[in-house]
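First residue of the sequence shown? That's 159 in this note's numbering, and the numbers climb one at a time after it. Ideal Cβ placement from N, Cα and C applies to all residues, glycine included. Since the structure is predicted, the reported quantities are computational estimates derived from the model, not experimental observations. Read the structure below first, then the notes.
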Amino acid sequence: MKYFICDITGRTINYDEALCEALGEVVHQECSVEFWSQGGHRSLYYTYRPFYSVVPSRYKNSRSIFVLFLKALDTIFAFFIVFFRLLKNKPDVFHLQWLPFLSLGNRGANIDFFFLELMRKISARTKFVFTIHNMCPHGMKEDGRMAYNTLFAKAMEYFDCYVVHTHKTKDEVCQTFGLAENKVVVIHHGVFIPKDIVFERKQWDQADVHIIMYGSQNWYKGTDVLVKALQLIPNEYKERIHVRICGVVDGEMQKECSDVAVNVDLSWDNYYLTDEQLYKRINESDIIVLPYRRISQSGVLLLALATNRIIITSDLPTFKETLCNYDENLFFESENPSSLADLIVRYINEGIDREEVLEKLSELKGLYSWSSAANKTLQLYNR
């Protein structure tokens, strides 16, 4: 059996590599696992087929027209490489992780459709699998969601089955796109456990509490909700709190948040942090806050579960499903800064048993293993 996993732009590279490594360990020499992507790494457990890019890594996040044009050419060239590899190898399963042009509207989607149509024709016996990491791209405005959903529904016609990470997302996918339930399989996202660092439990200091929010910052992640919550915390608690927001943030949003953050020790790392820099920031923290307004599944949360830190999230259904052993009172009401402020205060004044919460998080780290995800993925491939 030959399994090809493909993430053309490297959009979900950490997830891809962890899944491929676990798949390779499970199948051993009985099957071959190939991983095709940009920016990946080689492994003993799978064969890595890189897509090379003409854009230097330091410019990957640039929004200049020239860089975006070069990235589009990179992606189209990668599509051609995939096409010819499918033509030559005819794998049993082709598992695609992302459609790179779909969010650009009709013209972009037509590029995805063109290559999907070709690939299905030249490898007709291959099972095509698609992972729906999110219902729509992060930060997409409401007026763009309807048009995107229409294009997404058309793209789904090219696949035989689909992977989602939560039961809530499965319900939404089936309802929104009219997919049969037996074609959508829930395979929980594994916990990201960094190989080069150990996150020890930090001794809690009542007088000096460090809070971190990390990841690229934008409206749907609720950066402003956290900042507004800090303002609502009573002064006797506020003076003990040190907050750091890590990740690229739009200058206008940062200014708006900074204008609100009066008498708060708030620091911004407004740039792309390396893994080493991020892990250092997390190790310095006591609490990780994820005040999201919307998410299908969060890689940020799946890393947070490995860190031995208190995790505070909004009460989104997907978060509550992932943190399935959390009590109801350990979530705050989404988009409600006052609810978040109250929850932070309860942790600081010991209204919540922190050790009990950390034990719950440790249990979840064991539950969401990559070996479990790999075994369920193989069941899907072979059914």
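Exposure label - residue i; buried when at least 16 CB within 10 Å
i: Leu231; result: exposed
i: Phe141; result: Examination of residue 141 is not possible in this model, given that the chain is present from 159 through 541 alone.
i: Ala464; result: buried
i: Ile223; result: exposed
i: Ser211; result: buried
i: Phe237; result: buried
i: Glu179; result: buried
i: Glu192; result: buried
i: Met304; result: exposed
i: Ser416; result: exposed
i: Gln255; result: buried
i: Met159; result: exposed
i: Lys438; result: exposed
i: Lys328; result: buried
i: Ala338; result: exposed
i: Val420; result: exposed
i: Arg467; result: buried
i: Cys559; result: Absent from the structure is residue 559, since the part of the chain shown begins at 159 and ends at 541.
i: Asp379; result: Inspection of the sequence shows that residue 379 is occupied by Lys rather than by Asp. Its Cβ being crowded by 16 or more others within 10 Å, Lys379 is buried.
i: Tyr450; result: buried
i: Ser215; result: exposed
Local conformation of residue i per DSSP, three classes
i: Glu479; result: helix
i: Phe489; result: coil
i: Glu434; result: helix
i: Phe167; result: Residue identity differs from the one stated: residue 167 is Thr in this sequence, not Phe. Thr167: coil per DSSP, three-state reduction.
i: Phe288; result: strand
i: Leu516; result: helix
i: Lys160; result: strand
i: Ile440; result: helix
i: Leu448; result: strand
i: Ser529; result: helix
i: Gln255; result: coil
i: Val356; result: coil
i: Val458; result: helix
i: Gln375; result: strand
Selected residue, minimal CA-CA separation from residue i, among the options
i: Gly197; options: Glu183, Glu188, Gly182, Glu175; result: Glu175
i: Phe227; options: Asn376, Glu491, Phe193, Gly266; result: Gly266
i: Val322; options: Lys518, Asn494, Tyr173, Pro208; result: Tyr173
i: Trp377; options: Thr432, Pro495, Asp408, Phe350; result: Asp408
i: Glu542; options: Thr480, Lys534, Asp417; result: As displayed, the chain neither begins before 159 nor continues past 541, which places residue 542 out of reach and without an answer.
i: Tyr372; options: Pro258, Gln537, Gln364, Thr432; result: Thr432
i: Ser497; options: Ala387, Leu461, Ala532, Leu525; result: Ala387
i: Asn487; options: Lys379, Ile399, Pro495, Asp473; result: Asp473
i: Asp270; options: Val422, Ile469, Phe317, Arg359; result: Phe317
i: Leu181; options: Arg278, Glu491, Lys523, Ala532; result: Ala532
i: Val356; options: His400, Ala462, Val447; result: Ala462
i: Met277; options: Ser443, Thr535, Val251; result: Val251
i: Gly263; options: Pro249, Lys312, Val240; result: Lys312
i: Leu538; options: Pro475, Arg512, Leu459, Asn340; result: Asn340
i: Pro392; options: Thr334, Val331, Asp500; result: Asp500
i: Trp528; options: Thr476, Phe350, Tyr206; result: Phe350
i: Ile166; options: Phe288, Val331, Phe490; result: Phe288
i: Gln361; options: Thr205, Tyr204, Leu516, Gly524; result: Leu516
i: Arg283; options: Tyr161, Tyr320, Leu309, Glu491; result: Tyr161
Residue i, enclosing alpha helix (DSSP H) - first and last residue
i: Thr471; result: Not the alpha helix (DSSP H): Thr471 falls in the beta strand (DSSP E), residues 468-471.
i: Leu384; result: 381-390
i: Asp417; result: 409-418
i: His393; result: Looking at the sequence shown, residue 393 is not His but Asn. It spans 393-396 - the alpha helix (DSSP H) in which Asn393 sits, taken as one unbroken run.
Residue i, enclosing beta strand (DSSP E) - first and last residue
i: Pro495; result: That residue, Pro495, is in no beta strand (DSSP E); its alpha helix (DSSP H) goes 495-506.
i: Met371; result: 367-372
i: Ile269; result: Run containing Ile269: none in the beta strand (DSSP E); it sits in the alpha helix (DSSP H), 264-280.
i: Val401; result: 399-404
i: Leu424; result: 423-427
is_contact[residue i, chain B] using C-beta, thresh 8 Å
i: Ile469; result: Structure shown: chain B not included; a single protein chain is present.
heavy atom of the ligand NAD below 7 Å from residue i C-beta
i: Trp256; result: The ligand NAD is not part of the structure shown, which contains no ligands of any sort.
Tell me the start and end of each unbroken alpha helix (DSSP H) in the stretch 296-341 that is at least 4 residues and wholly inside, in chain order. Counting only runs that start and end inside the stretch 296-341, the alpha helix (DSSP H) elements of at least 4 residues fall at 300-313, 325-335.
What ranges does the alpha helix (DSSP H) occupy inside the stretch 182-252, keeping only unbroken runs of at least 4 residues that lie completely in it? Positions of the alpha helix (DSSP H) runs, each at least 4 residues long and wholly inside the stretch 182-252, are given as 223-247 in order along the chain.
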